[in-house]
Every structure is written in structure tokens, then in C-alpha cells.
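Protein chains in written order, with this note's numbering: chain A, 1 to 70; chain B, 71 to 140. Presented below is the structure to which this report refers.
2 protein chains.
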Amino acid sequence: MHISDINNAIRNRRKTLSINQSDLADLSQIGLRTIKALESGAANPRINTLQKVCDVLGLEILIRVKGPGD
Amino acid sequence: MHISDINNAIRNRRKTLSINQSDLADLSQIGLRTIKALESGAANPRINTLQKVCDVLGLEILIRVKGPGD
DNA sequence: AGCATAAATGCATTATACTGCACTTTATCA
DNA sequence: TGATAAAGTGCAGTATAATGCATTTATGCT
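If you want it as C-alpha cells, here you go:
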């Protein structure tokens, strides 16, 4: 899944785990306001912010060389 | 490759493509100072910044659910 | 419908990424 | 070894992510 879909990835994963934004904020040690911004898609978050949320949600961010067939 | 190795990924890829930091900065529309920070690893860049550089270098950032065997 | 919980929005403040400029240090040559 | 290019560093200004608080809107349940 491409990084541009990060907002949906986060929201879907959070709902799969049945936690609300407030809980995710606490677990991630990130402000609730920031979680909302993340999920809204209108955000340009810092990589550390993303990493913290992904850690809690069991998501991982990867980087690789783009292949011919992508 | 995990996102925590982004600085090496960028530097290695840049050298593979035989361009210098200044060229990468221009092509990415990002300040030279920021490129240097990125490659030094002492950075917490915004996702858009990362994306611009990766676009030029032919790198892609992916997100996925962490599996049991990772 | 009425109530409770979750989520969205506006605003002000703080923290810090991003930037350019000037300078230093380190490679890479002829 | 001297010249040139590339990379690293310090600093100050600007842009914006991150945050909290208060309020509003949406969602779900009995």
C-alpha cells in the first residue's frame, strides 16, 4: 500500500483493532488533534509522528527501489 | 528496507545514480540544507519532503500490516 | 426522543522542519 | 601539491506540524 493512503491505512487499522482516536493518541504518545489530522488526510506529518502511530497499530513503513512493474 | 534506514537508502541511491547533493536538491525542489540533514540521519523530515526526494531517486515508500514473521 | 460517546472544527501557542548564507572540512583530480 | 568540487557545520529567519482547549456535529444505544 502506498504511503499516500496512509490516512486510510491508519483509520482502517484503528477500527480493526476497535480503539478510538483518543486511545490511539494516548498509546502513541501523540496529541489527539494530531491523530485527527492524520486520519483526515489533510496532513503532512513528520516521519517520527507516523512511526509512533504505526508502532501502536502494528503497521510498518518500508522503502524500496521502484521496479519496472509498479 | 525499513524506514529507519531512510538516510542510507537516499545516500546510496543518489550515489548509484551519480548525482551530487546539490543536483538532488534542485531536482527535488528541496533545499540543499535539507538534503544534507536527510542523509545525515539526524532528521525528522515531513512525509512530503521524503516523498519528493524519493520520487526523484526512484524510491517508493510503502505501508503494510506487520506480519508474524517480521 | 434523549443521552452518552466519538469525532470534527476553530483558534492560539509552542516546537521544530526547512531554508539560505557564509564558512570549514573533506574528497578528487591534474 | 595546488586547484576544484563535493560535502559538512553554525546560525538566524520563516513556515508549519503538533498541541490543548472549547465548542459543535455525528453516531450509536436504550
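Backbone N, C-alpha and C define an ideal beta-carbon position, used for all residues, glycine too. Everything numeric in this text was worked out from a predicted model, so none of it was measured.
When the options are compared against residue i, the one with the closest alpha-carbon
{"i": "A:I3", "options": "A:L32, A:K15 and A:L50", "result": "A:L50"}
{"i": "B:N82", "options": "B:V123, B:P115 and B:G139", "result": "B:V123"}
{"i": "B:L127", "options": "B:M71, B:S92 and B:L97", "result": "B:L97"}
{"i": "A:T16", "options": "B:L94, B:V135 and B:N77", "result": "B:V135"}
{"i": "A:I19", "options": "A:N48, A:I35 and A:G69", "result": "A:I35"}
{"i": "A:G67", "options": "B:G139, B:P138 and B:D125", "result": "B:D125"}
{"i": "B:L108", "options": "A:I47, A:A9 and A:G69", "result": "A:I47"}
{"i": "B:D75", "options": "B:G139, B:S110 and B:D140", "result": "B:S110"}
Secondary structure of residue i, DSSP reduced to three states
{"i": "B:L102", "result": "helix"}
{"i": "B:I73", "result": "helix"}
For residue i, the first and last residue of its enclosing alpha helix (DSSP H)
{"i": "B:L127", "result": "I117 to L127"}
{"i": "A:I6", "result": "I6 to T16"}
Rounded distance between the beta-carbons of residue j and residue i, thought under 8 Å
{"i": "A:I61", "j": "B:M71", "result": "Actually they are not in contact, since the Cβ atoms of A:I61 and B:M71 sit about 10 Å apart, beyond 8 Å."}
{"i": "A:L59", "j": "A:A9", "result": "6 Å"}
query: Quick one, which residues of the segment 85-104 of chain B are near chain A if we go by CB-CB under 8 Å, in chain order?
result: none
message: Tell me which residues of the segment 104-124 of chain B have at least one Cβ-Cβ distance to chain A shorter than 9 Å, keeping chain order.
response: A113, N114, P115, R116, I117, N118, T119, L120, Q121 and C124
field: Contact set between the segment 125-139 of chain B and chain A, restricted to residues whose Cβ is under 8 Å from the partner
entry: G128, L129, E130, I131, L132, I133, R134, V135 and K136
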